[in-house]
Amino acid sequence: MINQEKALNLFHKQQEKNMVSHAYLIVGKRDAFSFAEYMAQSLMCQEQKIGACGTCPSCIRIKEKQHGDYRILGQDDASIKKEEILSLKDSFGQTNLERDGHKVYVIEDVENASISALNSILKFLEEPESDITAILTTSVPNRVLETIQSRCMMIQLEEPDKEILYKAALEQGLDALDAYVLAQTEANLETIIELSDSEVYHQVKDIAIEFIKMLDQKRVHESIVYLQHEGIKNKKLDKDNISLLFDILITMMTLNDNENIQSILLDMTMQDKVIYKGIFVAMKDRIRPGINVNLLIDQCGYEIIQNFKRSSL
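Just so we're aligned, residue 24 is where the sequence shown starts under the working numbering, counting upward by one.
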């Protein structure tokens with residue numbers, strides 16, 4: 024069962040009152056797809072009218088993505104295309120393949136859809152059918168068209184308490200930097216501990232630390248060359264871990280009282296930290312499916328150099 028009591032109660036009450044919406048927007052950085060999947064199971068469960076048993080043939084086929092009247096879009100790295108929405112609409116316009124009498128489609132991370140796809144989604148939502156439920160998910164609702172939001176019932180998922188996760192990670196012996204970074208991005212202590220021991224995490228962390236050391240020493244151009252060399256030439260940064268790099272960099276600009284970070288940032292002023300943090304946040308916000316990591320690194324370098332030139336005047 025998903026650990027989202029308020030959201031579950033809301034959805035279950037709608038089922039009890041036979042007031043299920045034709046479209047939902049699930050908002051949350053974690054659990055969003057799992058919650059959407061549970062909703063689909065609940066709507067097509069063969070054993071329960073409220074909620075999902077998780078064990079009937081329908082629930083199992085949904086879990087295994089084998090149900091004929093259940094479709095998912097947006098689970099690969101590519102942006103959702105208009106053609107996918109049109110294909111979905113066409114297939115759902117045909118007779119049900121299953122006996123349940125209901126059809127559900129999930130569009131994961133809907134904010135990553137192309138403009139033409141978003142317009143097609145909007146048109147689909149504007150023509151609701153009683154036997155079709157749309158479930159969209161997003162972690163950044165401000166990037167979802169307001170016209171789409173207005174046609175969906177929004178369910179806001181609760182986020183885990185980051186401070187509790189941070190303190191628990193510290194108690195497990197993690198360094199403050201590791202604990203803080205991973206508490207921001209992960210949902211449970213087990214995953215935090217696992218990632219803190221991973222080779223990929225330490226590789227990206229080492230790049231971030233060396234890069235920041237150079238910035239601290241005003242070796243700005245050298246720091247950019249280093250980031251390009253490690254990330255592009257040595258291929259240590261890719262679409263799967265570039266977000267982690269910026270998470271670590273943002274954290275290093277935030278944790279002012281951490282001894283390990285203080286030992287690295289000997290000369291960087293508070294003003295510099297604020298400016299660099301702004302650059303790193305802006306770069307992370309540009310990350311999309313299919314992002315060109317090389318261009319993103321180059322853009323980050325450009326912004327840093329421009330700031331250095333302004334501060335040197």
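Positions of the beta carbon are idealized from the N, C-alpha and C atoms, including for glycine.
Non-local beta-carbon contacts of T274 in its own chain, meaning distances under 6 Å to residues more than five positions away in sequence, involve Y203 and V204 in chain order.
A Cβ-Cβ separation of about 18 Å leaves Q64 out of contact with G51 under the 8 Å criterion. Fewer than three Cβ pairs drawn from the segment 225-236 and the segment 189-196 lie within less than 8 Å of each other, which leaves the two stretches out of contact. Exposed is the label assigned to K256, since fewer than 16 other Cβ atoms lie within 10 Å of its Cβ.
Taking a contact as a CB-CB distance under 8 Å, the pair D239 and I287 counts as one, their CB atoms being some 7 Å apart. Taken atom to atom, the span from the alpha-carbon of I178 to that of D295 is near 39 Å.
The count of Cβ pairs closer than 8 Å, one atom from the segment 158-173 and one from the segment 182-191, stays below three, leaving the stretches out of contact. Residue environment analysis places K228 among the buried positions, since at least 16 neighbouring C-beta atoms fall within 10 angstroms of its C-beta. A check of alpha carbon separations from K126 across P183, R311 and M67 identifies M67 as the nearest. Ranking P183, T156, L267 and S162 by CA distance to the CA of M42 puts T156 first. A Cβ-Cβ contact shorter than 7 Å links E209 with I215. The shortest C-alpha to C-alpha distance from Q37 to any of L218, I73 and L48 is the one to I73. Note on the segment 160-238: whole alpha helix (DSSP H) runs with a minimum of 4 residues are 169-172, 185-194, 199-208 and 212-219, in chain order. When DSSP states are grouped into helix, strand and coil, R333 belongs to the helix group. Annotation for L111: the continuous alpha helix (DSSP H) segment containing it runs K105 to F115. By the neighbour-count criterion, in which a residue is buried when 16 or more other Cβ atoms sit within 10 angstroms of its Cβ, D308 is exposed. A contact between stretches requires three or more CB pairs, one per stretch, nearer than 8 Å, and the segment 109-117 fails this requirement with the segment 322-335. Taking C-beta atoms under 8 Å as the contact rule, L250 and T161 fail to qualify, at a distance of about 30 Å. Judged by their CB atoms, V316 and K262 are nearer to each other than the 7 Å cut-off. In the structure shown, R94 adopts extended strand secondary structure according to DSSP, grouped into three states. Around the CB of M293, fewer than 16 other CB atoms lie within 10 Å, so the residue is classed as exposed.
Apart from sequence neighbours up to five positions away, the residues of its chain that approach L96 with a beta-carbon distance below 6 Å are I103, E107 and I130, ordered along the chain.
With respect to K258, Q226 sits apart: the two C-beta atoms are not nearer than 7 Å.
Bounds of any alpha helix (DSSP H) do not take in K126; it lies within the beta strand (DSSP E) bounded by K126 to I130. Going by DSSP, A305 is part of no beta strand (DSSP E) but of the alpha helix (DSSP H) stretching over M293 to D308. By the neighbour-count definition (other C-beta atoms within 10 Å, threshold 16), H90 is a buried residue.
With a 10 Å radius around the Cβ and a threshold of 16 neighbouring Cβ atoms, G313 comes out exposed. Take L145, set aside five residues on each side of it, and the residues of its chain with a beta-carbon closer than 8 Å to its own are L168, T170, I171 and R174, in chain order. CA-to-CA, the gap between S137 and R94 works out to about 19 Å. Within the model, the alpha-carbon separation for Q98 versus K88 is close to 12 Å. Going by DSSP, A140 is part of the alpha helix (DSSP H) stretching over I138 to E149.
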